[in-house]
């Protein structure tokens, strides 16, 4: 991915306020390549941008699978990305759904809905219709961060092996690793469900990873996730746009489900 595109993503979106400025030494070197893969599937030909604009979408929840801070960041990045790619669509953020559920004493019901979905990968269609009435939108997005990891890689330095004869070298902590590379990997899955029909209409999956020299590190896991989120939503927009060209901007079918 282009160096300047990644920098723009980092500095102009949610993680920018927490970003550590790269060192002068880091900026002298070529930008590290990002390996990312994204796949999206459109399950319903009736799910078009025109219908999405008309019916609206709410971020129903971010499933368990990562720290709460990362899940909150995921909800924020998804909300920002959806607003950017679908500016005419009413997008309800996760925090508004949670606050409304809490105010109506339905927070436990929301948690149970997401837990049941996580276990069976199918949303209770009747329960989803309740949230359709509560939020006033037809489509609901559920996402998860199945994998996020940051670790360093290095070589083990076997100190003492070439010591002076007759001397004993003792290292209480054992051999010392020489760290030279920091690796970050993260993945994202997202699904959009149609509350009216009780079916999934779109799914996106993405994975991104980067490896940098320890002394030249400049990209955080959160920054990598920001980029990955935009890539997944970009493909969502592209997939729907292609469908629009096939069926026309306005669906002609009256049998929506």
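Numbering (my numbering), first residue to last: 656 to 912.
The beta carbon of each residue, even a glycine, is placed where N, CA and C say it ideally should be.
- For the pair of segments examined, the stretch 879–898 was found not to touch the stretch 710–724: the number of CB pairs separated by less than 8 Å stays below three.
- Collapsing the DSSP output to three states places residue 911 in coil.
- Spatial neighbours of residue 801 in its own chain (CB-CB distance under 7 Å, excluding positions within 5 residues in sequence) are listed in chain order as 720, 842 and 844.
- For the stretch 845–887, the full-length beta strand (DSSP E) segments reaching 3 residues or more read 854–868 along the chain.
- Inter-segment contact for the stretch 687–697 and the stretch 846–863 is present: three or more beta-carbon pairs are separated by less than 8 Å.
- Nearest in C-alpha terms to residue 838, of all of 847, 853 and 870, is 870.
- In the three-state DSSP reduction, residue 792 falls in the coil class, being neither helix nor strand.
- Residue 790 sits buried, since 16 or more C-beta atoms from the chains shown fall within 10 Å of its C-beta.
- Straight through space, the alpha carbons of residue 888 and residue 735 are spaced by roughly 10 Å.
- Note that the C-beta distance between residue 846 and residue 855 is below 8 Å.
- A residue is called buried when at least 16 other Cβ atoms come within 10 angstroms of its Cβ; residue 743 does not meet this threshold and is exposed.
- In this structure, residue 798 lies away from residue 707, with their beta-carbon atoms at least 8 Å apart.
- Here the C-alpha atom of residue 911 lies approximately 8 Å from the C-alpha atom of residue 852.
- For residue 713, the enclosing beta strand (DSSP E) covers residues 712–717.
- When rounded, the separation of the alpha-carbon atoms in residue 776 and residue 767 is 13 Å.
- Look at residue 703 here: in three-state DSSP terms it is coil, with no helix or strand label.
- When the five nearest sequence neighbours on each side are left out, the beta carbons in the same chain lying within less than 7 Å of the beta carbon of residue 779 are those of 768 and 771, in order along the chain.
- For residue 749, same chain residues with a beta-carbon under 6 Å away, outside a window of 5 residues either side, are 714 and 730 in chain order.
- Of 890, 876, 894 and 756, the smallest CA-CA separation from residue 689 is found for 876.
- Under the three-state reduction of DSSP output, residue 744 falls in the coil class, being neither helix nor strand.
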